[in-house]
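Q: Quick one: the structure is below, questions incoming.
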Amino acid sequence: MKNLIARSALLASAIALSACQNMPSNQLVNGVAAQPVLKSKINSVGDKPMPMGQMYLRPVEGGMQVFGKLMGLPPGKTVAVHIHETGSCSNMGKAAGGHFNPANKPHGHPNSQDSHAGDMPNVTADANGVAMLNFVNTDITADMSGANSVYRRAIIVHNGVDDYVSQPSGNAGDRIACGVIEKM
Ligand code: CU
Ligand code: ZN
């Protein structure tokens, strides 16, 4: 089970705490790391990649918080964001392969048990083309290896909406942006 909303108050307080105390990155708050341990610089796909934002991954109780900002989206547009299995953005993002799916599940709503580990909620751009993601994914880890590790996998942004139903990837359309998940 992934939990999109319920932990947000807890997360907000943890973030505020870490921000005002300027903690070293290995210090724990309520048993979890205060700072992100992985990041992904998101660029448009194609011959001339342009920066389109940054995502961070931070261990929290029960999962990984995936959060960050996307820019340069069509204003008001809702788009799909997933973790894909391969850490490559070449060939218009197609080299990233399918959704990260270590448990061999069907594609589905990210809050459902029956979903890929890489499934995450759609995001909607504001009037300036900026969209925020803040989601606790309980099916992934920030370990450097292991079945559920997302290190050296890829975050993909699509040009369409994930319907959370269609197989194998929610009918989310072409890949418009991509970032490999790296160490901070
Ligand atoms: Cu995708
Ligand atoms: Zn999926």
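My numbering puts the first residue of the sequence shown at -18, with every later residue one more than the last.
The C-beta atom is built at its ideal place from N, Cα and C for all residues, glycine as well.
(1) Helix, strand or coil, according to DSSP, for A158 in the structure here?
(2) Taking 6 Å as the cut-off, is the CB of I137 close to at least one heavy atom of the ligand CU?
(3) Say the cut is 6 Å; is the CB of H80 nearer than that to a heavy atom of the ligand ZN?
(4) If you draw a straight line from the alpha carbon of G151 to that of G99, how long is it in whole angstroms?
(5) Going by DSSP, which residues form a beta bridge with S21?
(6) In chain order, what residues of the same chain lie with their CB nearer than 6 Å to the CB of G44, ignoring the 5 residues before and after it?
(7) For H88, is the beta carbon positioned less than 6 Å from some heavy atom of the ligand CU?
(8) What does DSSP give as the partner residues of F48 in its beta bridges?
(9) By DSSP, does A135 sit in helix, in strand, or in coil?
(10) Could you name the residues of the same chain whose beta carbon sits closer than 8 Å to that of S147, not counting the 5 residues immediately before and after it, in chain order?
(11) Using beta-carbon positions only, say whether P56 and A106 come within less than 7 Å of one another.
A: For this structure:
(1) Residue mapping note: residue 158 aligns to position 177 of the sequence shown, counting from 1. Three-state DSSP puts A158 in a strand.
(2) Working through the sequence shown from its first residue, we reach residue 137 at position 156. At least one heavy atom of the ligand CU is nearer than 6 Å to the Cβ of I137, so yes.
(3) Residue mapping note: residue 80 aligns to position 99 of the sequence shown, counting from 1. Yes - the ligand ZN has a heavy atom lying nearer than 6 Å to the Cβ of H80.
(4) Residue mapping note: residue 151 aligns to position 170 of the sequence shown, counting from 1. Residue mapping note: residue 99 aligns to position 118 of the sequence shown, counting from 1. Between G151 and G99, the C-alpha separation is close to 12 Å.
(5) Position 40 of the sequence shown holds residue 21. DSSP lists M36 and I162 as partners of S21.
(6) The residue you call residue 44 lines up with position 63 of the sequence shown. Here the set comprises V117, N118 and T119.
(7) In the sequence shown, residue 88 corresponds to position 107, counting from 1. No - the ligand CU has no heavy atom lying nearer than 6 Å to the Cβ of H88.
(8) If you number the sequence shown from 1, residue 48 lands on position 67. F48 is bridged to Y37 and N115.
(9) As a working note, residue 135 is residue 154 in the sequence shown. A135: strand per DSSP, three-state reduction.
(10) The residue given as residue 147 occupies position 166 in the sequence shown. H88.
(11) As a first step, residue 56 is located in the sequence shown; it is residue number 75 there, counting from the start. As a first step, residue 106 is located in the sequence shown; it is residue number 125 there, counting from the start. Contact: yes.
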